[in-house]
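Down below is the structure, laid out as C-alpha cells.
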Amino acid sequence: MHAKQSKWLWGAAGLVYLFLYLPLIIVVVYSFNDSKLNAEWVGFTFKWYEILFNDAQMLTAARNTLIIGLVTSLCATVLGTLAGLAMYKYKLRLLPVLVLTPIAIPEILMGVSLLIFFVMLNMTLGLVSVALAHIAFCIGFVAIVVRSRLQGMDESLVEAARDLGATPIQAFRLVTLPLIMPGIIAGALMAFTLSIDDFVITFFTAGAGASTLPLQIYSMIRIAVTPEVNAISTLLMLLTLALIIIASKVAPGAIKAQS
Amino acid sequence: MRNNRLGRWLISGPPLLYLLLFFAIPSAIMAFAAFRFPGDYGGLLPLMDVNPDTGKTELLINAGNYADFLTLENFTRFFQEPVFFELFLKSFWYAGLTTVICLVLAYPLAWLIARSPKKHRDLLVLLVILPFWSNFLIRVYSWMIILGPQGYFAKTINAILGVVGVGPVQLLFSHFAVILVLVYVHLPFMVLPLYANLEKHDMNLLDAAQDLGASAWQRFWRITWPLSLPGVWAGAALVFIPALGMFAVPDLVGGTDGIMIGNLIKQQFLDSRDWPFGAVLSIMLTLAVLALAGLATLIGRGGKRNAL
Chain A
29 MHAKQSKWLW
39 GAAGLVYLFL
49 YLPLIIVVVY
59 SFNDSKLNAE
69 WVGFTFKWYE
79 ILFNDAQMLT
89 AARNTLIIGL
99 VTSLCATVLG
109 TLAGLAMYKY
119 KLRLLPVLVL
129 TPIAIPEILM
139 GVSLLIFFVM
149 LNMTLGLVSV
159 ALAHIAFCIG
169 FVAIVVRSRL
179 QGMDESLVEA
189 ARDLGATPIQ
199 AFRLVTLPLI
209 MPGIIAGALM
219 AFTLSIDDFV
229 ITFFTAGAGA
239 STLPLQIYSM
249 IRIAVTPEVN
259 AISTLLMLLT
269 LALIIIASKV
279 APGAIKAQS
Chain B
56 MRNNRLGRWL
66 ISGPPLLYLL
76 LFFAIPSAIM
86 AFAAFRFPGD
96 YGGLLPLMDV
106 NPDTGKTELL
116 INAGNYADFL
126 TLENFTRFFQ
136 EPVFFELFLK
146 SFWYAGLTTV
156 ICLVLAYPLA
166 WLIARSPKKH
176 RDLLVLLVIL
186 PFWSNFLIRV
196 YSWMIILGPQ
206 GYFAKTINAI
216 LGVVGVGPVQ
226 LLFSHFAVIL
236 VLVYVHLPFM
246 VLPLYANLEK
256 HDMNLLDAAQ
266 DLGASAWQRF
276 WRITWPLSLP
286 GVWAGAALVF
296 IPALGMFAVP
306 DLVGGTDGIM
316 IGNLIKQQFL
326 DSRDWPFGAV
336 LSIMLTLAVL
346 ALAGLATLIG
356 RGGKRNAL
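In the order they appear, the protein sequences are chains A and B.
All you need for my numbering is the position in the first sequence, starting with 1, plus 28.
All you need for my numbering is the position in the second sequence, starting with 1, plus 55.
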C-alpha cells in the first residue's frame, strides 16, 4: 500500500522535473542545429556561436550587462550588508519596510516609478540609471541573506571577544565579519545574478542608452526567432551554472541561504 | 548610549537614504503623477516651465484654482470604461489559475523531497532551483520553440487532434500558452516554501492516524494539508503577485487577446505616453496587491487558530 502510493508519487514528481528541464534542454540542443528554423533537426553546427561572437550589438550588450552587474553587486552588497546588520541589531520600523517592499511588489511598479523619477530629474537613461535601479532592488535580497546568517551566529563568540578586551569595532572585524562572510558572498553573487538576469526594471530604466543581454534577447525573440538566441541562452545558462558552482565552493550553504 | 545612537545611524543610514531616494520618493512621485495632466508631447505636464511671453521660468500653478494643478480625470476614466476593469479581472483570473496549477504540481514534489532521505534532499531542492536561476526570458523563449507551429510538439498534438477530427489548434499566442508559461516560470516559488513547511512536519502524527484507522486520504486531508497551510499561503503569494504584474509573458506568447494589466501599464508609459493614466493603473495594481497581502495575513492568522 505504502510502496505503491510512493511509486505513484515519484512518477508525478519525475514528470514535474521533466517539465522543468525539458524546455531548457531543447534550447541547448537547438543551439547546435544547422537550420534557421527552430523546428526540424538538420545537423550539427557551431555557426550560431560564430555569428554570436561577431555580433557587435550583442557584444556591447554583454559588456553593458557585466558592467552593470559588477557595479550593482558591489554597491548592493555594501548597502545590503549594512541593512542586514541594522535590521538584526536594532528595532527599526522604516528600514525593514523599505528593504522588503521592493521584493514583494510586482517589478513593473518599481520600473515605471523609477522611469518617471529619472525623467523628472532630467537624467539621461542609460548605464547609470539602470545600475541605480538595480542596486535599489538588490539591497533587500542581500539584507535578507546577511540577516539570516547573523541570526544563525553564536552571539557568545562576540561576547567572549569583548570579555578578552576587544573594542566593538575589533570584535566586529575579527569575529562577526568572518562569521557572516559566507552570507555576504552569497548576497553579492545573488545581486550579480539578479542584475544580469533582470529584464523588467532594466526595460523601463535603460532608455535607448544601454542595451543589456536580456533586452537584446527580448527584442530578438519579439521580432523573429533565430538560433542565435539559442546560442546566447546556452552560454548564459553555463555562466549561471558556473556561478552556482563557485558559490557552493566559496560559500557552502550559500545556495541554500538563497532559497 | 550616545555612541550606540551614532553607530545605529552609521549602519542604517546609508541603506535607508538610498531606498528613500530610489524607492520611496519615486513611488510617491508616481502616486502624485496619477493626479496630474499629461504633457503636450506625452509624459507628464512639468510643474515649472518657461513662459513664452516673459522668457522666465515660472511655476505652472494657478494659485486661485487648484483644478489647474490636480485632477481626478484619470481615475474617472479608469472607472468609466469597463474595458480596464475587465482587464483587471482577466489578469486576476490568469494569476489565480496559475497559482492553483502551481500548487497542484508543486505539492507532490515538495512532499516527496521532504520525505526523501536527508542526504538527497539538498540535491533535489537544487534541481528545482537550477532552472529558475537561468534567465527568465530564456525560460519563456524555450516555450516559444516548443509551442511554435513548426515544432515537433505542436505538429504531434495537431496530428492527434486531426485523427479525432478536431481541426488544428494554435498553441502559441493563446490563453493556454500564457497560463502554461506563467506556471513554468513561477513553479519553484511554490515548491520551495511548501518544502520548507512539509519538512518540519512530525511524521508520528501520520503513524498515529494510521494506527487509529485513518485512510491515506483522511491522513492527508485532516493532518498534512491543514499543517501545510502556512506554506501554501506563502507559495500562493510568491506566485500570484508577480504573475499579476507580468507583461513579458503575455507580450511574447499571448498574442493579441492574451494581454494583462502589465501590458496596459507598459503601453501607457512607452507607447501612448499617457503617464498620468499609467500611474492610475499602477496605483490600482498596488492597491490590489496590498489588499491581497492583507487578506492573506488575515486568513493565515485564522488558519493558525483553527489548527490549534
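Every residue, glycine too, gets a C-beta built ideally from N, C-alpha and C.
Asked, Found
"Contact belief for residue 300 of chain B with residue 317 of chain B at Cβ below 8 Å, rounded distance in angstroms", "5 Å"
"Chain B within 7 Å of residue 227 of chain A, Cβ atoms only", "yes"
"Classification of residue 112 of chain B by the beta-carbon crowding that lies within 10 angstroms, buried from 16 upward", "exposed"
"Assigned exposure category for residue 95 of chain B - 16 Cβ within 10 Å defines buried", "exposed"
"Candidates A/272, A/249, A/63 and A/132, of which the one nearest residue 343 of chain B by Cα", "A/132"
"Cα-Cα separation, residue 267 of chain A to residue 337 of chain B", "34 Å"
"Cβ of residue 196 of chain B within 7 Å of any chain A Cβ", "yes"
"Near-chain A residues of the region 85-108 of chain B (beta-carbon distance less than 8 Å), N- to C-terminal order", "85, 88, 98 and 99"
"Per DSSP, cross-strand counterpart(s) of residue 93 of chain B", "B/99"
"Listed by chain order, chain B residues near residue 148 of chain A by CB distance under 8 Å", "84 and 99"
"Residue 298 of chain A and residue 89 of chain A closer than 7 Å at C-beta", "Nothing can be reported for residue 298 of chain A: it is not among the residues displayed for chain A, which extend from 29 to 287."
"Expected contact under 8 Å - CB spacing of residue 66 of chain A and residue 310 of chain B to nearest Å", "So it is not a contact: roughly 18 Å between Cβ atoms."
"Simplified DSSP assignment, three categories, for residue 73 of chain A", "coil"
"Validate contact between the region 144-153 of chain A and the region 234-251 of chain A using beta carbons, cut 8 Å, 3 pairs", "yes"
"Within chain B, the residues that residue 257 of chain A reaches when beta carbons sit closer than 7 Å", "196"
"Close Cβ partners of residue 324 of chain B (< 8 Å) along its chain, the five nearest in sequence each way excluded", "330 and 333"
"Chain B within 7 Å of residue 21 of chain A, Cβ atoms only", "This structure leaves residue 21 of chain A out entirely; chain A is present only between 29 and 287."
"Limits of the alpha helix (DSSP H) - the one that residue 250 of chain B falls within", "230-253"
"Short CB-CB distance (under 7 Å) between residue 268 of chain A and chain B", "yes"
"Contacting residues, own chain, Cβ-Cβ under 7 Å from residue 179 of chain B (five flanking each side not counted)", "168 and 171"
"Sequence-distant residues of its chain with Cβ nearer than 7 Å to residue 191 of chain B (five each side left out)", "240"
"Under 7 Å by beta carbon: chain A residues contacting residue 240 of chain B", "Near residue 240 of chain B there are no residues of chain A at all, since even the closest Cβ is about 10 Å away, more than 7 Å."
"At least 3 beta-carbon pairs within less than 8 Å: the region 208-228 of chain A vs the region 68-79 of chain A", "no"
"Between the CA atoms of residue 250 of chain B and residue 261 of chain B - distance to the nearest angstrom", "17 Å"
"Residue 177 of chain B in three-state terms, based on DSSP", "helix"
"Chain B within 7 Å of residue 51 of chain A, Cβ atoms only", "yes"
"Every unbroken alpha helix (DSSP H) inside the region 166-216 of chain B [4 residues or more]", "173-188 and 191-202"
"Residue 159 of chain A and residue 96 of chain A closer than 7 Å at C-beta", "yes"
"Proximity test, Cβ basis, 7 Å: residue 261 of chain A and chain B", "yes"
"Chain B contact for residue 213 of chain A (CB, 7 Å cutoff)", "no"
"Given residue 280 of chain B as reference, the closest of B/77, B/265, B/72 and B/253 once Cα atoms are compared", "B/253"
"Any chain A beta carbon closer than 7 Å to residue 74 of chain B", "yes"
"Burial state of residue 49 of chain A, where buried means 16 or more other Cβ atoms lie within 10 Å", "exposed"
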